[in-house]
Amino acid sequence: MPRKYLFLFSLPLLLIGLATGAMALTQEPLASQETLQVSSTAPSALTPAVPVPVAPPLPLQKSPDTTRAWVPGMLYRYTLTSTQEVSSVQPQPGAQPPPGMRFHLRGEWRVGIVSVEGEQVHARVQLVPSAAEVSLGGEGVLAPEVRRTFEAGLTQPFFLTLNRSGAVQLAHFDPDTDLLVQGLLRATVAATQHVWAGPSQITWQTEEMDSTGRYSARYTRKSASRFEKSKLAYSHLATPEGLQPLEDSPRVSVSALTTFELGEDLWARTLQGREHLEVDSGPSMFKAISTLQVGLELQERRQDSSLLGALDARRGQLVTSPLASYQGQEQDPRIALRQVLAGKTFDELVKGLHALPTNEQERDSAKTQALEQLNALFLLEPRQALLVHAALSAGMEPGAASPLLGALSAASTPECLQALSRIAGDEALPGPMRVDAIAALGMASTPNEEGVTALRKLSHGADAELADTATLGLGNAAMKLGQGQPRDAEPLVHELSSAYRSTSQPEQQALMLRALGNTRSPSALPTLQSALSSSSPEVRAAAVEALRGMPAPGADQLLSSILLQDATAEVRQSAVFASSFRPLAPLLPALAQALRLDPSELVRREIITLAGGQLPAAPEARALLEWSSQNEPNPSLRNTALTFLSARTP
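Mapped onto mature numbering (1 follows the signal peptide of the UniProt record, and there is no 0), the consecutive letters of the sequence shown carry residue numbers -24 to -1, 1 to 626.
So this is what it looks like as structure tokens:
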């Protein structure tokens, strides 16, 4: 196929046209305009998982001249309107162009932060459409099975990987997601991304990607919170072979302007965008024209615990590809992995880890890229994972080794888990490296019997740090198994509960309770509840912390009780800490009472900090801050409450 055809087919809205053309292989006629009234009730969110503690949300800055807020568990709900059209201009008289197409979406656009890993941010996105209008030039057809797929696909959550400036890099879809739906959702993601270059910039230029390719964009600050973004030109287009430089043909012209207003956390409060794209592939080809209009308006931002760990729970079941990638009907998912790997070999990647930059930011960026490429390599060539043990045995600084171990954990193939088990058990390797390997083994997205056996053996070893890490890893493994193989998870939960009951040492009891907390299993609740009556404050505090990811309402009731009744301030502090991982509304009455009555300034300080950090997600927390700003006996704490309130006053 000539290369210019591949460029043409890579355009996002022409992809939609191809998918729609596939629908036309049915005999059922359809009126020229079909409106799909989609239920406003979305399917249940993905099963959440919280493998490790996440810091509570930090207070937002007063000025937008700061870094963008990436708070794990924060959900942003927008009202979305989007209209996308594609048409063709005939190259010569008498030629019959393909029919024009129009797609109009209305509904709710939900973007939630799943996790932050170094320079990478992972987000879950979901469209909850109230209506979707599909126009196929008056002669389109939409078979019943296609209609059902379309409706279900629109509401299916998917995931994105961004960098800290907000540029979207990767998209993670369920492999069954219809290509028509993927095209619409990808185009919406690309049209609503905005990249923050740093404080005090009047204008800045960026390199970004959309589903068409890579382009340069210019941003201009119009006022304190209002900005404009314009696309300048495409430099590369997406093809089946990856991003290719844009040459003389096809000729691509783009006119795009997006106006958006940012909040204090540098997330858009409103956004309006228009784009007009033309692709001219020569005199014998139809000129393709696509237009896009999109609007967002922020309705709510709040904490949603179901976001935490959601990507880890599904990573092995999703197909990952760069945002700028060719989306063909028969695309092999390995193509995207090869694009990420960019032709690097294992030896080349290891050599790069031995020569990491000394600058901290550059070093973190290089490690993140190495992890992504190693993960792609281990998925493409699983036996390459078995080379890691020898590479580490030859000598490597533990910090440089972390991308190797992280990639083994992320890929989680049997070979990867075998490699991690060998590394974790190798007494000749440095202790910190073995600790990292054990943690990576416990966090593997698809645990297997070999990995669990290795963790169990290490949990009984003589080295306390290794044994403790392995014990906590068993709890994580039970959590992962519980998402797909509940029958395999329950024996681990029972094993940890029995280990808690069989020891009388508070330190060991606390360890087992923290491991049980990592399981997030409802069957662990009775053990945690019994531990709350222990005479040891250390044991009670560990049990309280373990409640952070346990199901409601039982966990909320226990946390409220401990917050108001436990005699030890440190245990009550642990209850506030655990509350920071959960929806705040059920806990507010107990927090308000503790704020008024608790004799410990440390506990009251923790509550004020929690209320201030959660204020964007839970406006009802303002009452706690207002009371403290007027009635708190400690002047320093009164000022802290006032600072939170003033930072959020419009």
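No residue lacks a Cβ here, since even glycine has one placed at the ideal position from N, Cα and C.
Asked                                                                                                                                                                          : Found
For the beta strand (DSSP E) that contains D256, what are its first and last residues?                                                                                         : 244 to 256
For F322, which three-state DSSP category applies?                                                                                                                             : helix
Out of Q181, T137, L130, which has the shortest C-alpha to C-alpha gap to L160?                                                                                                : L130
Between the C-alpha atoms of F557 and N494, what's the straight-line distance to the nearest angstrom?                                                                         : 13 Å
Buried or exposed for T43, please, with buried defined as at least 16 other CB atoms from any protein chain shown within 10 angstroms of its CB.                               : exposed
What is the DSSP secondary structure of M77, reduced to helix, strand or coil?                                                                                                 : strand
Using the Cβ count rule (16 or more neighbours within 10 Å means buried), how would you classify E608?                                                                         : buried
Ends of the beta strand (DSSP E) at Q60?                                                                                                                                       : 50 to 65
Taking the Cβ atom as the reference point for each residue, do A446 and S435 lie within a distance shorter than 8 Å?                                                           : yes
Contact defined as beta carbons within less than 8 Å: I believe A342 pairs with L384. What is the distance between those atoms, to the nearest angstrom?                       : A342 to L384, Cβ: 18 Å. No contact.
Does the beta-carbon distance from A491 to A507 come in below 8 Å?                                                                                                             : no
Using beta-carbon positions only, say whether M488 and A475 come within less than 8 Å of one another.                                                                          : yes
Give the single residue among M185, Q177, A400 whose Cα lies nearest to the Cα of A163.                                                                                        : M185
For P105, which three-state DSSP category applies?                                                                                                                             : strand
Label T188 either buried or exposed according to how many other C-beta atoms from any shown protein chain fall within 10 Å of its C-beta, with 16 as the threshold for buried. : buried
Would you list the residues sitting across from F354 in a DSSP beta bridge?                                                                                                    : For F354, which the question treats as bridged, DSSP gives no partner whatsoever.
One question on the structure: do S473 and T429 come within less than 8 Å of each other, judged by their Cβ atoms?                                                             : no
If you draw a straight line from the alpha carbon of A554 to that of L563, how long is it in whole angstroms?                                                                  : 11 Å
Report back the beta-carbon spacing between G458 and S497 to the nearest angstrom; my notes put them in contact at under 8 Å.                                                  : 6 Å
For the alpha helix (DSSP H) that contains Y476, what are its first and last residues?                                                                                         : 462 to 478
What whole-angstrom Cβ distance do L571 and S604 have, given they're in contact under 8 Å?                                                                                     : 6 Å
Rounded to whole angstroms, what's the CA-CA distance from A147 to T153? Just pull it up for me.                                                                               : 12 Å
Compute the Euclidean distance between the alpha carbons of P29 and R410, then round it to the nearest angstrom.                                                               : Any reading at P29 is ruled out, since the residue's pLDDT is 32, under 50, leaving its predicted position unreliable.
Whole-angstrom Cβ separation of A264 and S111, contact assumed at under 8 Å?                                                                                                   : A264 to S111, Cβ: 17 Å. No contact.
Quickly, what does DSSP pair T334 with across the bridge? List them, please.                                                                                                   : Beta-bridge pairing links T334 to no other residue.
Which residues bound the beta strand (DSSP E) around W172?                                                                                                                     : W172 -> no beta strand (DSSP E), and no H or E assigned at all.
Just checking my contact of T59 with E273 at CB under 8 Å: how many whole Å lie between their CB atoms?                                                                        : T59 to E273, Cβ: 16 Å. No contact.
Which one of L431, V326, L222 has the shortest CA to CA distance from L380?                                                                                                    : V326
Given a cut-off of 8 Å, decide if P358 and T389 are closer than it, judged by their beta-carbon atoms.                                                                         : yes
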